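Student:
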Amino acid sequence: MDLNAFNSIESKEVFKWFNEINKIPRESGHEKEISDFLVKFAKDRNLEVYQDSAMNVIIKKKGTSGYENKPAVIIQGHVDMVCEKTKDSKHDFRKDPIEMIVEGDILRANNTTLGGDDGIAIAMGMALLDSKDLPHPPIELLATTAEETGMDGAIAITGEHIDGKTMINIDGEEEGIFLVSCAGGMNTLTDFDIKREKADGKALKIEVSGLKGGHSGIEIIKQRANAIKLLGRLLYAVRDDVVISHIEGGAKHNAIAKHAEALVVSKDISKVKKTLEEVAKNIKNEYRVEDPDMVINVSEALDVKESFTKELSNNVINFMMLVPDGVAYMSKDIEGLVQTSCNNGVLKEEDGKLRFTISVRSSVESSSKEIGLKIESAAHMTKASFQMSNGYPAWEYDANSKVKDIALNVYKKVTGKDAKIEAIHAGLECGILKKPLPDVDMISIGPDIKDVHTPAEHLSISSVDRMWRFLKELVISIA
1 MDLNAFNSIE
11 SKEVFKWFNE
21 INKIPRESGH
31 EKEISDFLVK
41 FAKDRNLEVY
51 QDSAMNVIIK
61 KKGTSGYENK
71 PAVIIQGHVD
81 MVCEKTKDSK
91 HDFRKDPIEM
101 IVEGDILRAN
111 NTTLGGDDGI
121 AIAMGMALLD
131 SKDLPHPPIE
141 LLATTAEETG
151 MDGAIAITGE
161 HIDGKTMINI
171 DGEEEGIFLV
181 SCAGGMNTLT
191 DFDIKREKAD
201 GKALKIEVSG
211 LKGGHSGIEI
221 IKQRANAIKL
231 LGRLLYAVRD
241 DVVISHIEGG
251 AKHNAIAKHA
261 EALVVSKDIS
271 KVKKTLEEVA
281 KNIKNEYRVE
291 DPDMVINVSE
301 ALDVKESFTK
311 ELSNNVINFM
321 MLVPDGVAYM
331 SKDIEGLVQT
341 SCNNGVLKEE
351 DGKLRFTISV
361 RSSVESSSKE
371 IGLKIESAAH
381 MTKASFQMSN
391 GYPAWEYDAN
401 SKVKDIALNV
411 YKKVTGKDAK
421 IEAIHAGLEC
431 GILKKPLPDV
441 DMISIGPDIK
451 DVHTPAEHLS
461 ISSVDRMWRF
471 LKELVISIA
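The sequence shown runs 1 to 479 under full-length UniProt numbering.
1. Roughly how far, in whole angstroms, is the beta-carbon of His425 from the beta-carbon of Val338, given that I think they are within contact range, below 8 Å?
2. Terminal residues of the continuous alpha helix (DSSP H) containing Leu322?
3. Should the segment 114-130 be regarded as contacting the segment 57-75, the criterion being three or more beta carbon pairs within less than 8 Å?
4. Quick check: residue 480 and Val440, are their CB atoms within less than 8 Å of each other?
5. Buried or exposed: Ser477, going by 16 or more other Cβ atoms within 10 Å of its Cβ?
6. Cα separation between residue 481 and Thr190?
7. Nearest-angstrom Cα distance between Pro436 and Val242?
8. For Asp80, I'd like the list of residues in its chain whose CB is within less than 7 Å of its CB, leaving aside the five on either flank, ordered along the chain.
9. Keeping to the same chain, check which residues put their C-beta closer than 6 Å to that of Gly201; ignore five residues upstream and five downstream.
10. For Thr158, tell me which candidate among Glu473, Lys369 and Ile432 has the shortest Cα-Cα distance.
11. Would you kindly work out how many angstroms separate the C-alpha atoms of Ala123 and Ala183, rounded to a whole number?
12. Exposed or buried, which one is Ser53 when buried takes at least 16 other CB atoms within 10 Å?
13. For Cys342, which beta-bridge partners are listed by DSSP?
14. Along the chain, where does the beta strand (DSSP E) containing Lys60 start, and where does it finish?
15. Find the nearest neighbour of Lys396 within the set Ile375, Ser362 and Phe37, judged by alpha-carbon distance.
16. Ignoring anything shorter than 3 residues, give me the beta strand (DSSP E) runs that lie fully in the segment 131-202, in order along the chain.
17. In or out: Gly153 buried (at least 16 other Cβ within 10 Å) or exposed?
18. Are the Cβ atoms of Gly125 and Gly77 separated by less than 8 Å?
19. Quick one: using the 10 Å Cβ neighbour count with 16 as the cut-off for buried, is Arg94 buried or exposed?
20. Exposed or buried, what is Lys404 when buried is set at 16 or more other beta-carbons lying within 10 Å of its beta-carbon?
21. Compare the beta carbon distance of Cys342 and Ile317 with 8 Å and say whether it is the shorter of the two.
22. My output table needs one value for Gly119: the three-state DSSP class, helix, strand or coil.
23. For Cys430, which residues in the same chain have their Cβ closer than 7 Å to its Cβ, ignoring the five residues on either side in sequence?
24. Could you check whether the segment 288-307 touches the segment 329-338, counting it as contact only if at least three pairs of C-beta atoms, one from each stretch, sit closer than 8 Å?
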């Protein structure tokens, strides 16, 4: 990426560090290289630094003249990213740097996720730590790992080496929206033991593609199609005439599935194709607004030697129809906020089992458990095994928070516009970090980042610039 495009804006140092971060592969679960990079960054500047066994990093910088004895401010974000790419992309997330493209005010990647979620937070923290002339109180950068796959990094935080009493999480995705509460979540795992028999019939491939997908918390309210659920609906329409041979769908538990496919065997493929085409026509009409580029393809395939048993095939199809997906309940307290939802995220054959990974989110714990029980009931009715994770807690609203009022005033001062205080239907590390840091006043902010967790992810350069100016003023005002 040509950094000259940022020379005229205040946040050029932020983009410099974001560019460096995106040279380093940082898929969830593979963060050692980026973690070590941050440690070296700190040591090169003689900053106090700590790295734990989960690869979390804490970097501490003393306050500048006149602010030395002020309370420390924590800047928090996660180093990992969701690694999604277009079907024809050759990008290897384990070794290739993210190729970034500037288009006017937009910064995007070349057919992959950008990593703005949440690399821009780390870049802002690094820019503060690297600054020579910016006034600030003591700064503590808390860079966590594995946020996208269960928040394991945040779970490993004990509070040791953290002195700040105010934390600015930079994992928000809409400028001027300050988050003060978030949903909790959990994953459910449903496993079918795969039993096969000799295939009897011709093979057909059923494929659902071209969906927008998106973040299973933020974009669940948009009622976009879920490819796994649509595949289940298609299969259910022909359940008496087909047997599954292979099936898969989705890529991440926290991304709305945008692709799913099944290989089935039938003795009457002409009948099956006709039925599927009729159902597909109806589905595409239903989602013509939310997913106009949807493709449902039914094609003859090379014959297969084996298929699932008929009983297993029927059980899998019935489970796909029974399990809930999407918005379950809207909040009674906050208008427009999803209270409870679930997402059929991943369907995968592995080690002799067919596993459905379904994520559940809610700001009400009992409601989350109810959805989990519905999935468990469907699993039991279809002879599958079921596990429910402990999940992560919701971040409850604190009416006495001081940082939210300071942030509102500072944003108005810097931009001339009013910000809003909101809650979010997604998990934030704030909910987990509240346990080891119970007395820390927290707020979550961020620049405009759109289509996160998809290859269409992009951020607004001017928004990053405004939020950088806001952040610099905010840390001073908190002090």
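Even glycine gets a Cβ: it sits at the ideal position worked out from N, Cα and C. Note that the structure is predicted; figures quoted are calculated from it, not measured.
Tutor: On the basis of the data shown:
1. Looking up residue 425 in the sequence shown gives position 425. Looking up residue 338 in the sequence shown gives position 338. Contact holds; Cβ gap of about 4 Å.
2. Translated into the one-based positions of the sequence shown, residue 322 becomes position 322. Leu322 -> alpha helix (DSSP H) spans Lys310 to Leu322.
3. yes
4. Here the chain comprises residues numbered 1 to 479, so residue 480 is not present and cannot be evaluated.
5. Against the sequence shown, residue 477 aligns to sequence position 477. Exposed, since its Cβ has fewer than 16 Cβ neighbours within 10 Å.
6. No statement about residue 481 is possible, as the shown extent of the chain runs from 1 to 479 and does not include it.
7. Here the question's residue 436 lines up with position 436 in the sequence shown. Here the question's residue 242 lines up with position 242 in the sequence shown. Computed Cα separation, rounded: 53 Å.
8. As a working note, residue 80 is residue 80 in the sequence shown. Closer than 7 Å at Cβ, skipping near neighbours: Arg26, Glu27, Ser28, Glu31, Thr145, Ala146, Glu147 and Glu148.
9. Mapped onto the sequence shown, residue 201 falls at position 201. Around Gly201, the same chain offers Val265, Ser266 and Lys267 as residues with beta carbons nearer than 6 Å, after the five sequence neighbours per side are excluded.
10. Counted from its first residue, the sequence shown places residue 158 at position 158. Of the listed residues, the one whose Cα sits closest to Thr158 is Ile432.
11. Position 123 of the sequence shown, counted from the start, is the residue given in the question as residue 123. Position 183 of the sequence shown, counted from the start, is the residue given in the question as residue 183. Each residue's Cα considered, the two are about 26 Å apart.
12. Walking along the sequence shown from the start, residue 53 turns up at place 53. Flag for Ser53 reads exposed.
13. Numbered from its first residue, the sequence shown carries residue 342 at position 342. Answer is Gly326 and Val360, bridged to Cys342.
14. What you label residue 60 is simply residue 60 of the sequence shown in a count that begins at 1. Lys60 -> beta strand (DSSP E) spans Val57 to Lys61.
15. Here residue 396 corresponds to residue number 396 of the sequence shown, with the count starting at 1. Here residue 396 turns out to be Glu, not Lys, going by the sequence shown. Minimum Cα distance to Glu396 is reached at Ser362.
16. 139-144, 166-169, 177-182, 184-193 and 196-198
17. For the purposes of this step, residue 153 is identified with residue 153 of the sequence shown, where counting begins at 1. With 16 or more other Cβ atoms within 10 Å, it is buried.
18. Position 125 of the sequence shown, counted from the first residue, corresponds to residue 125. Position 77 of the sequence shown, counted from the first residue, corresponds to residue 77. Contact flag set, yes.
19. Residue 94 sits at position 94 when you count from the first residue of the sequence shown. The residue in question, Arg94, is exposed, as its Cβ has fewer than 16 Cβ neighbours within 10 Å.
20. Counting from 1 along the sequence shown, the entry for residue 404 is found at position 404. By the 10 Å Cβ count, Lys404 comes out buried.
21. In the sequence shown, the residue the question calls residue 342 occupies position 342. In the sequence shown, the residue the question calls residue 317 occupies position 317. No; because the gap between Cβ atoms is not below 8 Å, this pair is not in contact.
22. Your numbering for residue 119 matches position 119 in the sequence shown. Three-state DSSP puts Gly119 in a helix.
23. Position 430 of the sequence shown, counted from the start, is the residue given in the question as residue 430. Closer than 7 Å at Cβ, skipping near neighbours: Asn169, Cys182, Trp395, Met442 and Ser444.
24. In short, these stretches do not touch, since the Cβ pair count stays below three.
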